[in-house]
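Novice:
Numbering (our numbering), first residue to last: 765 to 1019.
What follows is the structure in structure tokens.
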């Protein structure tokens, strides 16, 4: 039997099963049988594709495609929202999106603008500001924002804030203090970011063996972790893998 005929039969079976399982009208089966190729195409475009686009997975795929084609579409909408209503929420959403797109300097401006009135010491805004300042190459300003956060919100706890503080210390050359903070973070930080940045600090100090051990721990944990964990931390895990490859094998394992 020619390959084309086999493909048409497979398409008919697939579409027929979809008709039955999704509860579509039975006339679709007759159309698929009577017009093998055209019937399947009509059913796929008329029923299957719209169903897929309405599903969570389909919407996610469409959104990802739109983001690739027009990465600043959300940014334009958020700027428009801010022009309509200048509130804490519209400022924060715009600043978050700017930071996600790597426009940290402008993000800093909007986080600062959100710190006003009853929100002048809001911990979530101060944390966002510190994150943007570090991304903008301002570790000193990042530390000041985190210290302000802690002073005015003594009950507030944030693992991300703790990591930012350790990174700021490291970038300011205070390696001993940074290492102390990283060691504390290893005891409770859920993701791979803390051990990765600690490994980078160790590598910078020439402590390659210790850095390699941390990176290998990240790799082992990622292999055992569920797919959701690997998807969530994809960029960080890729960086850890790259750093581990750059360090190479330890001397006692080389031939």
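All residues carry an ideal CB built from backbone N, CA and C; glycine is no exception.
Go ahead and pull the three-state DSSP assignment for residue 766.
Specialist: For the purposes of this step, residue 766 is taken as residue 2 along the chain shown, with counting starting at 1. Coil.
Novice: Take the Cβ of residue 854 as the centre, count every other Cβ of all protein chains shown within 10 Å, and call the residue buried at 16 or more, exposed below.
Specialist: Along the chain shown, read from residue 1 onward, the residue named residue 854 stands at position 90. Buried, since its Cβ has 16 or more Cβ neighbours within 10 Å.
Novice: Would you mind working out which of 988, 777 and 964 sits nearest residue 1006, comparing C-alpha positions?
Specialist: Numbered from 1 along the chain shown, position 242 holds the residue referred to as residue 1006. That would be 964, whose Cα lies nearest to the Cα of residue 1006.
Novice: Taking residue 788 as part of the alpha helix (DSSP H), name the residues at either end of that continuous run.
Specialist: The residue labelled residue 788 in the question sits at position 24 within the chain shown. Segment: none, residue 788 is in no alpha helix (DSSP H) and carries neither H nor E.
Novice: Would you be able to state if there are at least three C-beta pairs under 8 Å between the segment 902 to 919 and the segment 944 to 951?
Specialist: No: fewer than three Cβ pairs fall under 8 Å.
Novice: Out of 858, 881 and 937, point me to the one whose CA is closest to residue 966's CA.
Specialist: Translated into positions along the chain shown, residue 966 becomes position 202. When only C-alpha atoms are compared, the closest one is 937.
Novice: Beta carbon of residue 893, beta carbon of residue 879: below 9 Å?
Specialist: Numbered from 1 along the chain shown, position 129 holds the residue referred to as residue 893. Numbered from 1 along the chain shown, position 115 holds the residue referred to as residue 879. In this structure, residue 879 lies closer than 9 Å to residue 893 by Cβ.
Novice: Could you tell me the alpha carbon to alpha carbon distance between residue 772 and residue 800, rounded to whole angstroms?
Specialist: To locate residue 772, count along the chain shown from 1; it is residue 8. To locate residue 800, count along the chain shown from 1; it is residue 36. Taking the straight line joining both Cα atoms gives about 6 Å.
Novice: Under DSSP, the alpha helix (DSSP H) around residue 950 begins and ends at which residues?
Specialist: One-based indexing of the chain shown puts residue 950 at position 186. It spans 939 to 950 - the alpha helix (DSSP H) in which residue 950 sits, taken as one unbroken run.
Novice: With DSSP run on the structure shown, which of helix, strand or coil describes residue 879?
Specialist: Position 115 of the chain shown, counting from 1, holds the residue named residue 879. Note: residue 879 maps to coil in three-state DSSP.
Novice: Shortest alpha-carbon distance to residue 780 belongs to which of 794, 897, 929 and 940?
Specialist: To locate residue 780, count along the chain shown from 1; it is residue 16. Here the closest residue by C-alpha is 794.
Novice: Please report the distance separating the alpha-carbon of residue 996 from that of residue 926.
Specialist: Along the chain shown, read from residue 1 onward, the residue named residue 996 stands at position 232. Along the chain shown, read from residue 1 onward, the residue named residue 926 stands at position 162. Distance between the alpha carbons of residue 996 and residue 926 is about 20 Å.
Novice: Looking at residue 933 and residue 907, is the spacing between their C-beta atoms short of 9 Å?
Specialist: On the chain shown, position 143 is the one that residue 907 refers to. On the chain shown, position 169 is the one that residue 933 refers to. Result yes, Cβ atoms of residue 907 and residue 933 sit closer than 9 Å.
Novice: Please classify residue 875: is it buried, with 16 or more other beta-carbons within 10 angstroms of its beta-carbon, or exposed?
Specialist: What you label residue 875 is simply residue 111 of the chain shown in a count that begins at 1. Burial call: buried.
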